[in-house]
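Chains as they are written, first to last, in the numbering used here: chain A, 347 to 615; chain B, 347 to 615.
Worksheet: one structure, shown below.
There are 2 protein chains.
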Amino acid sequence: MAAISRQRITGFSNPTVKFLRSLRDKKHRRRERRFLAEGLRLLTDARESGILPEMLVMAEGRDPHSLTDALENAVAGAGGTIIETPPDILAKITGKANPQAIAGVFAELDTPLSTLDRTAAPIWLVAQALRDPGNLGTMLRTGDAVGAGGLILIDDCADPFSVEAVRASMGAVFTQRIAQARWEEFLPWLRAGDGQLVAASLRDAVPYRGAPYSRPCFILVGNESRGLPEEYEAACDLRVTMPMRGRADSLNAAVAGAVLAYEVLAAFD
Amino acid sequence: MAAISRQRITGFSNPTVKFLRSLRDKKHRRRERRFLAEGLRLLTDARESGILPEMLVMAEGRDPHSLTDALENAVAGAGGTIIETPPDILAKITGKANPQAIAGVFAELDTPLSTLDRTAAPIWLVAQALRDPGNLGTMLRTGDAVGAGGLILIDDCADPFSVEAVRASMGAVFTQRIAQARWEEFLPWLRAGDGQLVAASLRDAVPYRGAPYSRPCFILVGNESRGLPEEYEAACDLRVTMPMRGRADSLNAAVAGAVLAYEVLAAFD
């Protein structure tokens, strides 16, 4: 099968190009259960986290790089497909005028909630109906930084495997566990074991600084415009407030999650 | 002049429509020194902060709202221009398929560094070469929340008056002072008065938690991919590190600024 595993593609209408382009679209990503990640740094982060793309797409005439060689060898060794294509076709695939010289197709990395080991980390981030893929990616990145176990997506969130989310995660999409669940599944799962559910809230809340956090701590962040539904807040073990000294009554969702996560991290140290 | 101050525009090729559309482009914004903000909430935030648009653009057939009436009256009372236009023309102006029913043109709100009163607030945010307008808007929003005085933009930053930055600021573009300067101007200005310059850094740094912050504290955040130039870090009074427990060695720029700003706020309380 070596003949299939290495291809050169020169035509825009090639079916593989169409397949790759379709991965920019959520509907197609869902159906294929595959996503696209771009750039040598991101793909190297993936490799160093033990995750290889099924397909590696490289621009012809790219600058040589030892990390590119390492990727190519690893993908070939694992039986993956390697594609070389002119830069303008790669630009069409990634939808960027100045694309990175390398991209990879990965199998989606969802973990079923039922198989998540909550004892593996002291902190978990939970996003409820977050609509901005950049916010999801930023939460993954923050999760990596605070040593969180992963990000649990509740209700209808943006796609964590979209190009923007993957890019904003700076590689954390490959290191953080990602689970997706409805609230009606999440809450019973949480209550079946240890776990403190904490939300930033204005209702019946204590100051976030020095609040009685306990492990494993699940930090719940709500939708960008509506915040958390009242019943979700009511189900939390701890509601905390952050100072708001200005006109606004809330922070950006990813920022609120990060300020809270760093506070919890400090409390656990 | 009442005849000029109220117009109905029905044609896409109307010069006012062209002017309004051009404000989505940085070059034109700079030349006109005007920017566009969309949405009743944002425009109401502006009004409540004492800032009115020079021109108010409203979609015909919009739902009536007392806040819209209040805006209209205020703009008319101040001698501004009020424009009514079909929703599809407003969509073309804002570049969104589902535009808000109202938008306003504001004079840019830069404050010259030389007129900034540093004693007016205990915290100031400083962004160096930040390229993402969403990050700038998020920093403005965080600044509002921590009671900062404003955001100082050093070197070539994204435009704080772009539609994305204004939107992400959630109104803070109207409450935070915004100054733009080269590093070569900023540092002498800073050193001519009180002010501690603090950066998140890996070099010669102390833990960010419990570091000796002092007022007014200027929190410096560097470019998204390159971070701060070494000489800028060296010029800081205090370099602090945040825990990085994962693979990554940095946080999103707006997140790093926010975690640090909340720590400084707690230290000053």
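The C-beta atom is built at its ideal place from N, Cα and C for all residues, glycine as well.
A quick note: this is a predicted structure, and the numbers were derived from the prediction, not measured.
Cβ contact check for the region 400–408 of chain A and the region 458–476 of chain A: 3 or more pairs under 8 Å: Short answer: they don't touch.
Cβ of A288(B) within 8 Å of any chain A Cβ: Coverage of chain B is limited to positions 347 through 615, which leaves residue 288(B) absent and any answer about it impossible.
Per-residue DSSP class, three states only, for I524(A): In the displayed model, I524(A) falls within a strand according to three-state DSSP.
Cα-Cα separation between L499(A) and I524(A), rounded to whole angstroms: The straight-line gap separating the alpha-carbon atoms of L499(A) and I524(A) is approximately 8 Å.
Cutoff 8 Å; reference S547(B); Cβ partners in own chain excluding five residues on either side: Cβ neighbours of S547(B) beyond the five flanking positions: L574, E579, C582, R585, V586, T587.
Own chain, CB closer than 6 Å to R487(B), minus 5 neighbours either side, in chain order: For R487(B), the CB contacts under 6 Å within the same chain, skipping 5 residues up- and downstream, are S515, M516, A518 in chain order.
Selection of the region 563–593 of chain B by Cβ proximity to chain A, strictly under 9 Å: Those residues of the region 563–593 of chain B that come within reach of chain A (Cβ to Cβ, closer than 9 Å) are M588, P589, M590, R591, G592, R593.
Residue-level contact to chain B via CB, A475(A), 8 Å cutoff: Cβ-Cβ to chain B under 8 Å: no for A475(A).
Chain B residues whose Cβ lies nearer than 9 Å to that of D490(A): For D490(A), the C-beta contacts it makes with chain B under 9 Å involve M590, R591, G592, R593, A594, in order along the chain.
Backbone CA spacing between A527(A) and D490(A) [nearest angstrom]: Inter-residue distance for A527(A) and D490(A) is about 21 Å (C-alpha atoms, whole angstroms).
Proximal chain B residues relative to L633(A), where beta-carbon distance stays under 8 Å: Because chain A here runs from 347 to 615, residue 633(A) falls outside it and cannot be looked at.
Cβ-based neighbour list, T457(A), same chain, cut-off 8 Å, excluding 5 preceding and 5 following: Here the set comprises G496, R523, I524, A525.
Inter-residue Cα distance where the pair is I429(B) and E531(B): Rounded to whole angstroms, I429(B) to E531(B) spans 41 Å at the Cα level.
Buried or exposed by the 16-neighbour rule on C-beta atoms within 10 Å, applied to N481(A): Counting of Cβ neighbours within 10 angstroms places N481(A) among the buried residues, the total reaching 16 or more.
Under 8 Å (Cβ pairs) to chain A, residues found in the region 371–395 of chain B: Under the 8 Å Cβ criterion, the region 371–395 of chain B contributes D391, E394, S395.
Nearest-angstrom Cα separation, counted from T521(B) out to S395(B): Each residue's alpha carbon lies about 6 Å from the other.
Distance between C503(B) and V544(B) (C-alpha atoms, nearest Å): Per the coordinates, the alpha-carbon of V544(B) lies some 19 Å from the alpha-carbon of C503(B).
8 Å Cβ cut-off: residues of chain A touching A612(B): Within chain A, the residues near A612(B) are R555.
Unbroken alpha helix (DSSP H) run spanning E378(B), endpoints: Counting along the chain, the unbroken alpha helix (DSSP H) around E378(B) starts and ends at 372–378.
Simplified DSSP assignment, three categories, for E430(B): Strand at E430(B).
I435(B), DSSP secondary structure in three states: Residue state, collapsed to three classes: helix.
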